[in-house]
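Undergrad: Protein chains in written order, with this note's numbering: chain A, 621 to 1589; chain B, 652 to 1209.
Here a beta-carbon is modelled for each residue, glycine too, at the ideal position from N, C-alpha and C.
As the structure is a computational prediction, the values presented were derived from the model and not from experiment.
(1) At 3 residues or longer, and completely inside the segment 939 to 968 of chain B: list those beta strand (DSSP E) runs for me, N to C.
(2) Please give me, in chain order, every unbroken run of the alpha helix (DSSP H) with length at least 4 that falls completely inside the segment 666 to 717 of chain B.
(3) Can you tell me which of the three DSSP states residue 1240 of chain A falls into?
(4) Quick check: the Cα distance between residue 914 of chain A and residue 951 of chain A, rounded to an integer number of angstroms?
(5) Return the CA-CA distance between residue 1261 of chain A and residue 1184 of chain A, expressed in angstroms with no decimal places.
(6) For residue 1183 of chain A, which three-state DSSP category applies?
(7) Just the Cα atoms here: how many angstroms apart are residue 924 of chain A and residue 904 of chain A?
(8) For residue 991 of chain B, collect the residues of the same chain with a Cβ closer than 7 Å to its Cβ; drop the 5 residues on either side in sequence, then sort them by chain order.
(9) For chain B, check one thing: does any of its Cβ atoms lie closer than 8 Å to the Cβ of residue 1391 of chain A?
(10) Going along chain A, which residues have a C-beta under 8 Å from residue 1026 of chain B?
(11) Just to make sure I have the definition right: I need the residues of chain B whose C-beta is within less than 7 Å of the C-beta of residue 1394 of chain A. Which are they?
(12) Using three-state DSSP, classify residue 1182 of chain B as helix, strand or coil.
(13) Find the nearest neighbour of residue 911 of chain B within the set B:871, B:701 and B:1070, judged by alpha-carbon distance.
(14) Based on the DSSP output, what are the partners of residue 1309 of chain A in its beta bridges?
(15) From which residue to which residue does the beta strand (DSSP E) around residue 1547 of chain A run?
(16) Would you call the segment 939 to 952 of chain B and the segment 1036 to 1052 of chain B touching, i.e. three or more CB-CB distances under 8 Å?
(17) Below 7 Å, is the gap between the Cβ of residue 1143 of chain B and the nearest heavy atom of the ligand NAP?
(18) Nearest by alpha-carbon distance to residue 1057 of chain B: which of B:958, B:1117 and B:870 is it?
(19) Residue 866 of chain A to residue 953 of chain A, Cα distance in whole Å?
(20) For residue 1039 of chain A, write down the residues that DSSP places opposite it in a beta bridge.
(21) For residue 1288 of chain A, tell me which candidate among B:808, B:837 and B:743 has the shortest Cα-Cα distance.
(22) Can you tell me which of A:748, A:720 and A:1439 puts its alpha carbon nearest to the alpha carbon of residue 795 of chain A?
(23) Quick one: list the residues of chain B neighbouring residue 1504 of chain A, beta-carbon separation under 9 Å, in chain order.
(24) Could one say the Cβ of residue 678 of chain B lies closer than 8 Å to chain A's Cβ atoms, at least one of them?
(25) Less than 8 Å separating the beta-carbons of residue 700 of chain B and residue 721 of chain B?
(26) Return helix, strand or coil for residue 1348 of chain A, following the three-state DSSP convention.
(27) Can you tell me which of A:721, A:846 and A:693 puts its alpha carbon nearest to the alpha carbon of residue 1501 of chain A?
(28) With 8 Å as the threshold, decide whether the Cβ of residue 666 of chain B is near any Cβ in chain A.
(29) Does the beta-carbon of residue 1290 of chain A have 16 or more other beta-carbons within 10 angstroms, so that it is buried, or is it exposed?
(30) Using a C-beta cutoff of 8 Å, does residue 761 of chain A count as contacting chain B?
(31) Would residue 650 of chain A be called buried (16 or more neighbouring beta carbons within 10 Å of its own) or exposed?
(32) Mind listing which residues of the segment 698 to 721 of chain B have their C-beta closer than 9 Å to chain A's C-betas, in chain order?
(33) Is it true that the segment 842 to 852 of chain B meets the segment 1203 to 1217 of chain A, where meeting means three or more beta-carbon pairs spaced less than 8 Å apart?
(34) Cβ of residue 1131 of chain A within 8 Å of Cβ of residue 1145 of chain A?
(35) Which two residues bound the contiguous alpha helix (DSSP H) that contains residue 1029 of chain B?
(36) Quick one, are the C-beta atoms of residue 1019 of chain B and residue 1012 of chain B less than 8 Å apart?
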């Protein structure tokens, strides 16, 4: 251990010991601790985990934390628990694709605080803990909802005080279910149903495609009508004799089965308690292919087991043993790339027109069609390339021991716990290839080949050892209450196989919570955190926080108020950080250690007069920065917890997050320096916003009901990011929110009148520098009035792709055993670029690069009076072309649309059988329910462009309908 | 006494936390090279040396994954999306330049060369690592010689990169050391002439330390590194460019004399044994060019079929037909006999059929047919726009369906070009028929090139004047060096670009009369635009201008 740190540790523990002793000395007139019964403040309560979050009483907390319980997780059900977190104020959840085993949501806490490098998205870098130990997103994302007791979001400096370099982007704190004293129970939970695509934007059929293609070709031919498709061909498309293949229909099914089954054993006595969860989940994909020896649909299977055991070993010791194992099996046709980002199947489905070829090239359906331009016949590729599968195994064991040291001094305790978490990924593929034919001849290099199995038993491996040691003291004397602890965490992570690196850290943290007269609360927290990412001497950094709260409702003037049942005001300020801001991995795996110099062989130079011999050049991967340190966040928060009429609870939060030292590549280095890549802690951002959450419980006659809603607003600003100064301030992305859309400002279409007879633009009109233009092309505003439309005419043309506002609302009602619940969720304040990713480009750019055409292209500008085509006045899309067109398809306001939407996330109708019926069946509880996830969406993007607002990749977003039963014996 | 327990517990936790490995936070990577690993390995010397070679670019993938020819009047790019359009439509700007990455990557090479010169100061110690000075004396001596060559080559590499940079940008900053963060100050542009002098000095100062000719040395496996021949060829080409109208507006004849002398030095340098390859066609289309006495410096590529995939006619499975050679070029090939009424490609300079695949020619066992309904129908999607496909450089025998590959070598300097450089400079300096005491006159040099392709000598009657001969020399460069990446830069340095590159690209419309009988008609394929006020130089990217904080002055009219 570092020498200075060693001294600090000793000093801190000595100080803590002395402090405890002093308190003990004062504690002559000992009184039992005031045991204030808490008001119903469930939403703020953090489940006790025996370490850093020792402030288990929501009443005494000064922190901004929001929590969700298991029952809600089970309602908005998804294989990935990350999709069930809607409704937590301050946690923004963005659903992604519904691809089995890849449906994890993008999460961010309080919006975007950093544009930092990690994962390529600085907004998705919160740290996740399960039962006090840090876990990977992959571990958390596919936990079973049945094993989770609660999920909390830690948002402000008071909540994050002890997390040091893990706190800057917030923390998700998960606790798992533990046994409680009482009768043993066995609970079965089974749900099964069907899932289907929310929406798929299908391309035009051959007839409509060909009609538009004729226009496009004529446009490219100087507006002279030169159709490619003859009237006879068009007629054939229309009467069904021409080639017209709906590739989506040929490769996809309407729906796919989905099953989740869990069994929970729980119970315990004074001595020991247990909770054992056993789960099975299976989700099939939407591909129309059977599971055989050589083909496979996509699917995700999960088998998980968790046993949480508690032992009370007498007056001093309490022990915990948690064992958790999980197997995840993912299978997919060998027509996807494992990274999912360049998914071949969906790319081809969106890009391949309906009229390219029939599925088979011969009548007896043995030769699959394919051309060099369209090589991957979607049906053939789905059925004739084999499949890929991988198996992920998690094995985790936690052991904890708590010592109640009341024999030394009342309220003193110590706790030590250890965690071993192991991860293994192995792959097994069976692949082959098929020949592509046209007219009886092969057209590509592909040949029919036999199935070849390949296996990689050690595709990924991780071992993670963590140690936590806590010493705490909790006491009350007179009007004073004290709750304090010091915690030491040591984490040792190593990965082999594809990982090949280590991550170690140490964190000495602590907290002192002091309450006076049950009304005034002050808290101090700190973390002395050491990260292995930095140079010796620069590894340890200190992060303090202070916070306070005032329970006003306990003051005399509010004590008997009939309106305000409870009022608590909170404020916090403090510093946290992150050490996870590595440079992009393109700079080598040494990018984590930017303080060290690394070299690598890059490029090849060939010599010799026979077969050329290759020689790699040795280059510095980047220039070392010995001062490289953590990105730091200064957080401020004020909040209020309010209960009115004993039934309406309201929580308000407002925050400010000042981020400094964001790791950023220095972009100010002249090119004449040559290979000079330098990263430094120079970026700055500001993020602020607020959250409101309300909950109302009511009952009228026999109907009990609950209404709830929450809203989060986040607004950030990039203050400095080493952007090369732009020519005009309006060009810059600095000074604007992260992800702001920057581009040209569209100004309608060029009309016939804008051109001279020789086709040149009339004088007075600015010349676009993206290529020559003709009538029907997009016209842009010349912002700098220099007579040219170029890269200097870009400005903010929309909002960020991330919403500023996330909201949810809903309610539940019960009547005589029946219950109905609804949850709506939506976002506002974001923009979607219709050309924003390759899948959106495929749908919204017609024909270019031999691609498809969609309904949007039918609104194109066209003028062929002899053919009866004239859309000059009504056009909603630029003139069609088959050529690349940098003028029309540049990022411009024309393609930027509002991304606002509201979705009904879940609706569930259930019936709980009455006691009389179930006691006869020897049951404690029996519930039947029907449930729908994502059944209805309101979105302008969907109505106008047939694009789902959460469409991010090829595989569509999913809705599902399930029925289920919960039975407790 | 209870506080004793507390102290005990506090101490035991402290001990627990300290019981971990002392170097707990000293996690290390053993997968990357570090200063320690390179300082103990002689291999780092050659590693740093190859680093100044790796930024070299061959011309096969210069633009749009294809030849650079489509920016000039040699050809039109046929693909719906291509970067040649920025040249064709005079759209180069501060923010748009398909070759903008060259600036940084050639300075990468210059930095690597400077870095190697710094690092190799300790070469002698590094070479002794793990060796016995007595027993290993001979291999140590060989390695020392090798490093000495590399040191000289580092200077030649810099000369090469500066040659390529000033061709594009005019004067550029001269960087003579490995720049560090502490001195993060942009270096201002030197003038074009200053960089030319710097290149000449680098070559003159270091040529004595270069390997003369790898091909004929006992280190033939190292052929492909810079040699005396490449150094002199760089100098000859740089001085030719420097004497040309773009850089020599007053037509200072001394510059031409200097260029002629530099070419003469190369032609007569002992040990180089330069000679023209016997056949033009086989040099480019069939044989391994590396062992030919014509090759001075070539960049090798491992066997591949990129060029064939891009440029095979569309009728051959796997071919894209990306480059459509222009009829502007085709019509410049001389007739060797009476023009045929039915076949415009009969009786032409033999280099035509070695450069262009035209209608009715047999290519990869197919007879090309560009007429409507033919296998290369120009109206089909991505069909040839001009009625021609590329033939030069292409290996016609590959089966792309079976992913057949062939090795290709990009010849940077060859004797044919040297003779033409010499002819052009000698004519400007001394006229077509004055040898100034050198071995060859301008005319003799030019005719050597023509004779190889069985073309008649340039007629003395028609080209007695300097100006007539200049036309002949320019014509010969266009034909002989077609598609080798010279045309665009020749047009710029001659200041002919504003006329030639504002002419439309012409193609041929082929009509079939009967099987094997065609008619041919010229058609305009694409308009071209060249902005004489700006396009003679590349624009520096805006980022460079801004980051130089005033040190880098933008070229005019960008």
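TA: The relevant details are as follows:
(1) 946 to 955, all fully within the segment 939 to 968 of chain B.
(2) Entirely contained in the segment 666 to 717 of chain B, the alpha helix (DSSP H) runs reaching 4 residues are, in chain order, 686 to 690 and 694 to 702.
(3) Note: residue 1240 of chain A maps to strand in three-state DSSP.
(4) Residue 914 of chain A and residue 951 of chain A have their alpha carbons spaced roughly 12 Å apart.
(5) Spanning the two alpha carbons is a distance of roughly 11 Å.
(6) Three-state result, residue 1183 of chain A: coil.
(7) Residue 924 of chain A and residue 904 of chain A have their C-alpha atoms some 18 Å from each other.
(8) If we look at residue 991 of chain B and ignore the five residues flanking it on each side, its Cβ neighbours are 997 and 998.
(9) Cβ-Cβ to chain B under 8 Å: yes for residue 1391 of chain A.
(10) Per Cβ cutoff of 8 Å: no residues; residue 1026 of chain B is ~13 Å from chain A at best.
(11) When 7 Å is used as the limit between beta carbons, residue 1394 of chain A is near no residue of chain B, the shortest such separation being about 13 Å.
(12) Of the three classes helix, strand and coil, the one that applies to residue 1182 of chain B here is coil, per DSSP.
(13) Nearest to residue 911 of chain B by alpha-carbon distance, out of B:871, B:701 and B:1070, is B:1070.
(14) According to DSSP, residue 1309 of chain A bridges with A:1275 and A:1334.
(15) Per DSSP, residue 1547 of chain A is one residue of the beta strand (DSSP E) stretching across 1545 to 1559.
(16) Too few Cβ pairs lie closer than 8 Å, so no.
(17) The ligand NAP is not part of this structure, which contains no ligands at all.
(18) Of B:958, B:1117 and B:870, the residue nearest in Cα terms is B:958.
(19) Going from the Cα of residue 866 of chain A to the Cα of residue 953 of chain A covers about 20 Å.
(20) Partner(s): A:1018 and A:1086.
(21) Ranking B:808, B:837 and B:743 by Cα distance to residue 1288 of chain A puts B:837 first.
(22) With distances taken between Cα atoms, residue 795 of chain A lies closest to A:748.
(23) Residues of chain B passing the Cβ test: 730, 731, 732, 733 and 736.
(24) Chain A contact via Cβ: present.
(25) Going by C-beta atoms, residue 700 of chain B is not nearer than 8 Å to residue 721 of chain B.
(26) If DSSP states are grouped into helix, strand and coil, residue 1348 of chain A belongs with coil.
(27) Cα-wise, what sits closest to residue 1501 of chain A is A:846.
(28) With a pLDDT of 49 at residue 666 of chain B, under the threshold of 50, the predicted position of this residue should be treated as unreliable, though the coordinate-derived value follows. Taking Cβ atoms only, chain A never reaches closer than 8 Å to residue 666 of chain B, which makes this a no.
(29) Buried: at least 16 other Cβ atoms inside 10 Å.
(30) Closer than 8 Å: no.
(31) For residue 650 of chain A, the predicted model reports a pLDDT of 34, less than 50, meaning its position is unreliable; a value from the coordinates is still stated below. Exposed, since its Cβ has fewer than 16 Cβ neighbours within 10 Å.
(32) For chain A, the residues of the segment 698 to 721 of chain B that bring a beta carbon within less than 9 Å of one of its beta carbons are 698, 699, 700, 701, 702, 703, 704, 705, 706 and 707, in chain order.
(33) Too few Cβ pairs lie closer than 8 Å, so no.
(34) With contacts defined as CB atoms closer than 8 Å, residue 1131 of chain A and residue 1145 of chain A qualify as a contacting pair.
(35) Looking at the DSSP string, residue 1029 of chain B is not in any alpha helix (DSSP H), and its letter there is neither H nor E.
(36) Closer than 8 Å, so yes.
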